[in-house]
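The sequence shown lines up with residues 52 to 489 when you count with the working numbering.
Everything on this sheet refers to the single structure shown next.
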Amino acid sequence: MGSTLTAAEAATILKERFPAGSKEFVQFNTGAAALELIDNGGQVPKWGEMDAEGSQLSIPCITKGNPNAAMPVRETRGYPTTGNQTRRKAFFNIKTFVSSFAITGLARKKAPGGAKSVRNLMESEMDRQKEDAAQRINRALHSDGSGLLATCASVSGNVITLAAVSAGSDENNVPIGREIQVLNLTTGATPGGHPSLDSCLVIDAVNFSVPTAPTITVLKEDGTVPTLTGITSSFGVYIREGQGGDMAGFGIMCSDANPSNWGPGSPLYGGIDRTAEPFWGGYRKDAGGKVISIQSHIQPVLARIDKRSGAKFGGKLFMFMAYDNFYAMGNSLSRNQRTNYNVRLKGGFEGLTYNNAIAVLDFMAPYNAVRFVAPKSVYRYIMDPWYFEDDTGSMLERVSTSTGRPTNTFRINMLSRQETCTVQNITMAELYNTAGAQ
52 MGSTLTAAEA
62 ATILKERFPA
72 GSKEFVQFNT
82 GAAALELIDN
92 GGQVPKWGEM
102 DAEGSQLSIP
112 CITKGNPNAA
122 MPVRETRGYP
132 TTGNQTRRKA
142 FFNIKTFVSS
152 FAITGLARKK
162 APGGAKSVRN
172 LMESEMDRQK
182 EDAAQRINRA
192 LHSDGSGLLA
202 TCASVSGNVI
212 TLAAVSAGSD
222 ENNVPIGREI
232 QVLNLTTGAT
242 PGGHPSLDSC
252 LVIDAVNFSV
262 PTAPTITVLK
272 EDGTVPTLTG
282 ITSSFGVYIR
292 EGQGGDMAGF
302 GIMCSDANPS
312 NWGPGSPLYG
322 GIDRTAEPFW
332 GGYRKDAGGK
342 VISIQSHIQP
352 VLARIDKRSG
362 AKFGGKLFMF
372 MAYDNFYAMG
382 NSLSRNQRTN
392 YNVRLKGGFE
402 GLTYNNAIAV
412 LDFMAPYNAV
422 RFVAPKSVYR
432 YIMDPWYFED
442 DTGSMLERVS
452 TSTGRPTNTF
462 RINMLSRQET
472 CTVQNITMAE
482 LYNTAGAQ
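As structure tokens, this is what we get:
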């Protein structure tokens, strides 16, 4: 027998089944290594402050020790100044994320199991949302905060050729159905034939069979075929409305340079100019396209982190790696006959330990780089955990066509406001240009 549920009754069922703060929403933050291992919470980090609008978080920059301790002084000369630092705070903008699913009026009213069937349908959609949202934010943690999915090479009509796989193009970043915008890396300008910035393109097909020239085929939001022109290596494929506005990830934390692909305005990570103040950047080492080894790569990076820290860094370090680098790390440990301890980490993930560093296999880590991250220096601040948006009085939003005509489909939006911030980047490093494959 069909259901006679109204939209309001369906929303009530959903809200009762998934109240704010329930474990189902909490699980939006699970299921991926970086999400599990990087500390997160709803408390402002110690000594941190939110601005009056709740849009920006400031974190004091911390260095260890007094640079003028135990200084010699003559009888007639003045004492040295007290230790201090010129850089006081770093600033991080809180990002808003949305995840949505839709249910048709027909499914809601005619589901054969009535209200129970509608509830099961919504629970199934929530399960998929949990997995998709966890993967999306975990991938953002491995990015550079730019929202960049791939760098372009050229275009022919609606087929965009991306940079070679060896240059960083990753098939997992450009799934079919993803809404994107193609923008100039530095100016944010659109190429010829691109929709306005309040619209987007949609990936319709993906072809990575030729690793040197992978392609994506795109359509306009209304399903029509665009004719794009002027796309070169100066352009990139971005998440819709995401240029420079994605969650800050290890890619920028470990970098030694200012962002170069966040669009116009010369944006800075944390508000710090790394050209003028390189001390506050990360450290990068070129692996030269070689398979990683303990002696040639891991030890030099760990030694550099110790040096930058002013003494042997005694804290724990995670080394986030994809398949090839992780297995190369294990082989290198075995070849050198070092004790190789497998360690079980939070969330059931496993790692390989070497000194104070733990190699973590994360499928969403870049395949040709290893990121060294000190977890005690990184915090994912969740200002607003995932919740159903009902500011208008209803969780269900009627979907309209591109011409504004109403449809019999209702969308449910879930929102979260969060950002990842660092106290300092001195213990952050990247081993890049490693030999690896997707």
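The beta carbon of each residue, even a glycine, is placed where N, CA and C say it ideally should be.
| Asked | Found |
| --- | --- |
| Do Gln-469 and Arg-431 have their beta-carbon atoms positioned less than 8 Å apart in this structure? | yes |
| Here's the rule I'm using: 16 or more other beta-carbon atoms within 10 Å means buried, otherwise exposed. How should Thr-212 be labelled? | buried |
| Looking at the unbroken alpha helix (DSSP H) that takes in Glu-87, where does it start and where does it end? | 84 to 88 |
| Pairs of beta-carbons, one from the segment 399 to 417 and one from the segment 438 to 457, closer than 8 Å: are there three or more? | no |
| Alpha carbon to alpha carbon, how far is Lys-427 from Lys-367? | 8 Å |
| As a quick exercise: from Met-298, Arg-335, Gly-287, Met-372, pick the residue whose alpha carbon is nearest that of Ala-354. | Arg-335 |
| Look at the Cβ atom of Leu-192, then the Cβ atom of Phe-369, and state whether they are nearer than 8 Å. | no |
| Counting along the chain, where does the beta strand (DSSP E) carrying Met-304 start and finish? | Taken as a continuous stretch (DSSP letters only), Met-304 belongs to no beta strand (DSSP E), being part of the alpha helix (DSSP H) at 301 to 304. |
| From what residue to what residue does the alpha helix (DSSP H) around Ala-354 run? | 350 to 360 |
| Could you give the DSSP three-state label for Gln-180: helix, strand or coil? | helix |
| How long is the line joining the alpha carbons of Gly-293 and Leu-248, rounded to whole angstroms? | 11 Å |
| Can you say whether Gln-232 is buried or exposed, counting buried as having 16 or more other CB atoms within 10 angstroms of its CB? | buried |
| Exposed or buried, which one is Ala-408 when buried takes at least 16 other CB atoms within 10 Å? | buried |
| Which same chain residues, not among the five before or five after Val-206, have their C-beta less than 6 Å away from its C-beta? | Leu-279, Ile-282 |
| Would the segment 322 to 337 and the segment 214 to 229 be scored as touching if the rule is three or more Cβ pairs under 8 Å? | no |
| Looking at the structure shown, is Gln-186 part of a helix, part of a strand, or coil, going by DSSP? | helix |
| Would you grab the beta carbon distance between Ala-214 and Ala-201 for me? Rounded to a whole angstrom, and I think it's under 8 Å. | 7 Å |
| Quick check on the DSSP output: the beta strand (DSSP E) that includes Met-370 runs from which residue to which? | 368 to 372 |
| Taking a contact to mean a Cβ-Cβ separation below 8 Å, would you say Thr-255 touches Thr-268 in this structure? | Before going on, a small fix: residue 255 reads as Asp here, not Thr. In contact: Asp-255 and Thr-268 (Cβ atoms closer than 8 Å). |
| Would Arg-190 be called buried (16 or more neighbouring beta carbons within 10 Å of its own) or exposed? | buried |
| Let me confirm a value: Ile-497 is counted as buried when at least 16 other C-beta atoms fall within 10 Å, else exposed. Which label applies? | Outside the shown range of the chain (52 to 489) lies residue 497, about which nothing can therefore be said. |
| Can you check whether the CB of Asp-307 is closer than 8 Å to the CB of Gly-333? | yes |
| Identify every residue that forms a DSSP beta bridge with Cys-203. | Leu-213 |
| Check the C-beta distance from Pro-111 over to Met-122 and give it rounded, since I have them as a contact under 8 Å. | Wrong, their Cβ atoms sit about 25 Å apart, outside the cutoff. |
| For the beta strand (DSSP E) that Leu-236 lies in, which residues bound it at each end? | No beta strand (DSSP E) contains Leu-236, which DSSP labels as neither H nor E. |
| Per DSSP, what kind of secondary structure is Glu-100 in: helix, strand or coil? | strand |
| Is the beta carbon of Phe-371 closer than 8 Å to that of Asp-435? | no |
| Among all the DSSP beta bridges, which residues are the ones paired with Leu-482? | Lys-336, Val-421 |
| Between which two residues does the beta strand (DSSP E) harbouring Tyr-438 extend? | 429 to 439 |
| Report buried or exposed for Phe-76, applying the criterion of at least 16 other Cβ atoms within 10 angstroms of its Cβ. | For Phe-76, the pLDDT reaches just 49, beneath the cut-off of 50, and the residue's location in the model is therefore unreliable, leaving the point undetermined. |
| Can you tell me whether Val-149 is buried or exposed? The criterion is at least 16 other CB atoms within 10 Å of its CB, across all chains shown. | exposed |
| Classify Gly-381 as helix, strand or coil using the three-state DSSP reduction. | helix |
| Whole angstroms is fine: what's the gap from Ala-379's alpha carbon to Ser-344's? | 7 Å |
| Just verifying my parser: in three-state terms, what is the DSSP assignment at Asp-375? | helix |
| Could you check if Lys-97 is buried or exposed, using at least 16 other CB atoms within 10 Å of its CB as the buried criterion? | exposed |
| Between which two residues does the beta strand (DSSP E) harbouring Met-122 extend? | Run containing Met-122: none; DSSP gives neither H nor E here. |
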